[in-house]
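Counted from 1, the sequence shown has number 161 at position 118 by the numbering used here; the numbering is strictly sequential.
For reference, the structure is listed below as structure tokens.
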Amino acid sequence: DSAIKGEAEGLCQGLLRVLEACGACGQDLGMEELWQKVLQEVTVEELQAPLQRLGALQAAWWLAASRLGSVAGLFQLLSTAEDPSRAHCSEGQNELLSVIKAWQVPPEGASLPLVQSAKDLKEILCTAAAFLQGLQELEAGNFPTALSLLQEAAGGFCSKKMLAQIYTCLGCCAQRMGKPQTALQHLKRALQVDFHCLPALSHVAAVYHELGETDAEMQALTLLYEALGKNPPAAASSSPYFLMQTELLVHTPVLTSLLRHHHPSEVKYLLAQRCLQDGRVADAVDHYLDLLSLLQEGLQQQVPLDGSSALPRIPEVFLEAASALQLAGRHQDAITVCEEVISRTTDLIPRVLQVEERLEQPECPLPEAGLAGGLLSQKKESLSCLAWRAAGYLHQGWAWAKLGKSKEAVTQFRSVRPAGPSPARGCLPLEVQTCLQGKPLSVSKERCGRLCHRADAICLGCQLWGDPAAASYLVQALWKLNRKQEAAAQWQKFCQGSPGEDGQQQGQERPLPLYLVSCLEQAMFPHSEPLARSIQDFLGAAAQDTSS
């Protein structure tokens, strides 16, 4: 292991000494050129077998560095040096595997006892080469080729731990090919080989989620959470017979990603999220409260923050918990949870926040991109805080309304709108736009018995924000205030489909955050058939009056 991580000084010095003994020099050559010169110029029979064994060690070194082309070229040289008629790859065969398999293992000398035989090393090289190429093809999206190579690796020479990892990668490949049942077979096989291969269990849950089998997914996540809560098993001691193992030769970023171990808080979040999405409100509340307890203990610091984690930003977890508490009728608890979000984000929002049309990194960074990128990141973070605070106020407003506290509800609903000049609605994050859409501009007090705002205020909101939900409430409010001509005009605009299309397009580009779904559902405009018929009758009568 230490040799692989360092430089190949020992191998280089060995080859130079061979050349020196034969009266040649290769000081300025790279390793590939050095091997080529050694195998071409050294013809001493007694050096051939040691050079072949040294070549196998060099191949292991290059495999560990993912230099597959160098390995293929080296085995071509080794086979040609031994027998010029070999080292030929048949059409349709994998070149690297073909040249490794075609290599004739030199006989072991009785005077040179080896801890690991060259024959075993050849088998390990074949397995590692197949595995590495399979991972490369998987990352490139060439799934049939990846599946074939990974199956080749699964039939090779490796430990149970490595075999379970190979089956896990086979499962991921089958899943990406759109074959979930085949993926489940491979993943279950991985767990049968090594039941400590917990990444396979997390992939099983993901496949069941894709299939829509919620009960099976929840069962897999529960098993995963319980397994993570136990003490991790002690690493199995490696046999001293195998100094060079497949595990030492295969360590790539794609493998690390596929075999990433989830933190218990991530799995607990997935349980809570799935329960909330599936309408299992009581279970969702229990899981979210357990998760909040874990987060308050500081365990979230162990969760990776590189975007690969299943756990979202902490304020979003709190807001989802508030949503679950509201659906469970625990409105006071939801208010308390949202207050935590509001209090912690308010001070992070600048008094003046400039929102630009396109808040994204430039494709070609300029020399001052470092400073600009930092400012851009800070601005995005401020917008995120703005969205979280707005959602907190929105949840509190609905909670107070459900508790019958109309004054408190209206106060919180009014706090949803950002202070200061109103930018174009499309410049705001989707979360803030949805908060504005979920805010009942005309019926927050109607639910408590009467209209809250005059229709003029709602119309101003439509002009400022371009809010389709506000437009729908405006129709209802204008009609109730007997401003039927204005209501009919707004209703015609609303029915033309332009407001809804924008919302649908935004939803396709980016899914609506889970913590806003319940608020938006509560604020949806009631498409009243009687009101629609009344407006249509009014328009029909107006048309007849005009024609007459």
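By construction, the Cβ of each residue, glycine as well, lies at the ideal position given by its N, Cα and C atoms.
- In this structure, Ala108 and Glu84 do not form a Cβ contact; the two beta carbons are roughly 26 Å apart against a cut-off of 8 Å.
- Under the three-state reduction of DSSP output, Thr389 falls in the helix class.
- Contact annotation: Pro242 and Leu181 have beta-carbon atoms that are not nearer than 8 Å.
- If you compare the alpha carbons of His306, Ala64, Thr257 with that of Lys273, the shortest gap goes to His306.
- Taking all protein chains in view, the Cβ of Leu121 is crowded by 16 or more other Cβ atoms within 10 Å, so the residue is classified as buried.
- In the structure shown, Ser245 adopts helical secondary structure according to DSSP, grouped into three states.
- Less than 8 Å separates the beta-carbon of Val247 from that of Leu227.
- Here DSSP, grouped into helix, strand and coil, assigns Asp580 to helix.
- Look at the stretch 288 to 312 and you find no whole run of beta strand (DSSP E) that is 3 residues long or longer.
- Counted as a single uninterrupted DSSP element, the alpha helix (DSSP H) harbouring Lys231 occupies residues 223 to 236.
- Excluding residues up to 5 positions away in sequence, Glu138, Leu139, Val142 lie with their Cβ nearer than 6 Å to the Cβ of Ala115 in the same chain.
- Contact holds between the stretch 353 to 362 and the stretch 378 to 387, because three or more Cβ pairs, one in each stretch, are under 8 Å apart.
- A direct Cα-Cα distance of roughly 14 Å separates Leu335 from Asp326.
- Straight through space, the alpha carbons of Pro393 and Ala452 are spaced by roughly 25 Å.
- Rounded to whole angstroms, Val148 and Lys162 show a C-alpha spacing of 6 Å.
- Its chain contains no residue whose beta carbon lies nearer than 6 Å to that of Gly112 once the 5 sequence neighbours on both sides are disregarded.
- His229 counts as buried, since no fewer than 16 other beta carbons sit within 10 angstroms of its beta carbon.
- Residue state for Pro187 is assigned as helix, using DSSP reduced to three classes.
- A straight line joining the alpha-carbon of Lys523 with that of Leu391 spans about 42 Å.
- Burial check for Pro358: the Cβ neighbour count within 10 Å reaches 16 or more, so the residue is buried.
- Shown here for Val236: same chain residues with a beta carbon closer than 7 Å to its own, the five before and five after excluded, namely Lys203, Leu206, Ala207, Tyr210 in chain order.
- Secondary structure of Pro355 (DSSP, three-state): coil.
- The C-beta distance from Ser561 to Gln369 rounds to 6 Å, short enough to meet the 8 Å contact threshold.
- A direct Cα-to-Cα measurement between Gln119 and Leu168 gives close to 15 Å.
- If you look at Ala108, you'll find it isn't in any alpha helix (DSSP H); DSSP assigns it neither H nor E.
- In the three-state DSSP reduction, Glu180 falls in the helix class (H, G or I).
- Here the alpha carbons of Asn185 and Leu117 stand approximately 26 Å from one another.
- The residue among Ser352, Cys240, Leu429 with its C-alpha nearest the C-alpha of Arg387 is Leu429.
- Taking 8 Å as the cut-off, the beta carbon of Leu62 is found closer than this to the beta carbon of Val81.
- Counting C-beta atoms within 10 angstroms of its own C-beta, Ser300 has fewer than 16 neighbours from the protein chains shown and is therefore classed as exposed.
- For the pair Gly73 and Leu59, the CB atoms are not nearer than the 8 Å cut-off.
- In the three-state scheme derived from DSSP, where H, G and I count as helix and E and B as strand, Ser141 is classed as helix.
- Remark: C-beta atoms of Ala217 and Leu178 do not approach each other more closely than 8 Å.
- A residue is called buried when at least 16 other Cβ atoms come within 10 angstroms of its Cβ; Glu260 meets this threshold and is buried.
- A straight line joining the alpha-carbon of Trp105 with that of Ala145 spans about 18 Å.
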